[in-house]
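There are 2 protein chains.
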Amino acid sequence: MANEHAADADDLALYRQSIDNFDAALIHILAERFKITQKVGALKARSGMPAADKDRERAQIQRLRTLAASADLDPDFSEKFLQFIVTEVIRHHEQLQR
Amino acid sequence: MANEHAADADDLALYRQSIDNFDAALIHILAERFKITQKVGALKARSGMPAADKDRERAQIQRLRTLAASADLDPDFSEKFLQFIVTEVIRHHEQLQR
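In order, the protein sequences belong to chains A and B.
Heads up, my numbering is the position in the first sequence plus 1013, with the first residue counted as 1.
Heads up, my numbering is the position in the second sequence plus 1013, with the first residue counted as 1.
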C-alpha cells in the first residue's frame, strides 16, 4: 500500500514535469506568434489594409478544427483557443492605436 | 506604388504562413498536454488524491509568469492563458465523473 502510494506520487511528479515542459513550449511559441501578429498589425496600419479579414478567420478556424480532430483534441476547444488568442491580438492592436 | 502593395501582400502572406505553423504547433502541444492531464485526473481519482492543489497552481503561475517575461510575453497574459487551459481541464474531469 505504501509502495503503491509512492508509485502514484512518482507518476504524478513525472506527469507534472511533462505538463511544465509543454507549458514552457506553449509560452515560447505564443511569444513568437505575438511577435508576428504585431508585425501584421503594423503592416496593415502602414499600408491601409483593413484590420479584420473574415475570410482569413473562417479559413483559420476550419484549419484548426481539422488539425485538432486529427490530434484527438476537441475541435470546439481549438476554436475557443483561437478566439482567446485573437482577443489578445486585438487588445495589442488597440494599444498600438492609443 | 503597385510594387509596394505587392511587397506588402507578400509580407502578409509570409506572416500568415508563420502564424499557421505556430498554430499547428500549439494545437499539437495542447493535444499532448490534455492527454497528460487526463492521466493526472485518472490517477488522482484512483488513488484518492484531492483534485485541486493550490500550492502546485501557485508554483505553475509564478513559473509561467517568469518564463513569459523572459520571452517578452505579457506575464498577465500567460496567467490568463494558464487559467483558460485549466478551465478546460476541469471540464474534462467533470465529464469523467458523469
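All C-beta atoms in this analysis are idealised placements derived from N, C-alpha and C, irrespective of residue type, glycine included.
Note that the structure is predicted; figures quoted are calculated from it, not measured.
- Leaving aside the five residues that flank residue 1070/A on each side, the residues in its chain whose CB is nearer than 8 Å to its CB run, in chain order, 1099.
- For residue 1044/B, the enclosing alpha helix (DSSP H) has its first and last residue at 1015 to 1060.
- In the DSSP assignment, residue 1068/A falls within the unbroken alpha helix (DSSP H) covering 1067 to 1083.
- The Cβ of residue 1081/A sits closer than 8 Å to at least one Cβ of chain B.
- Residue 1056/B places its beta carbon 8 Å or farther from that of residue 1033/A.
- Taking a beta-carbon distance threshold of 8 Å, residue 1084/B counts as an interface residue toward chain A.
- At least 8 Å separates the beta-carbon of residue 1105/A from that of residue 1060/B.
- When the alpha-carbon of residue 1027/A is set against those of 1041/B, 1049/B, 1073/B, the nearest one is in 1049/B.
- Residue burial annotation: residue 1089/A is exposed, with fewer than 16 other C-beta atoms found within 10 angstroms of its C-beta.
- Secondary structure of residue 1089/B (DSSP, three-state): helix.
- Closer than 8 Å to the CB of residue 1106/B there is not a single CB belonging to chain A.
- Taking C-beta atoms under 8 Å as the contact rule, residue 1076/B and residue 1092/B fail to qualify, at a distance of about 11 Å.
- When the five nearest sequence neighbours on each side are left out, the beta carbons in the same chain lying within less than 8 Å of the beta carbon of residue 1054/B are those of 1064, 1102, 1105, 1106, 1109, in order along the chain.
- Within the stretch 1032 to 1045 of chain A, the residues whose Cβ lies closer than 9 Å to any Cβ of chain B are, in chain order, 1032, 1033, 1035, 1036, 1037, 1038, 1039, 1040, 1041, 1042, 1043, 1044, 1045.
- Straight-line measurement puts the Cα of residue 1023/B at about 10 Å from the Cα of residue 1016/B.
- Proximity of chain B to residue 1071/A at the Cβ level (cut-off 8 Å) is not reached, the minimal Cβ distance being about 14 Å.
- Chain A places a beta carbon closer than 8 Å to that of residue 1056/B, counting this residue as a contact.
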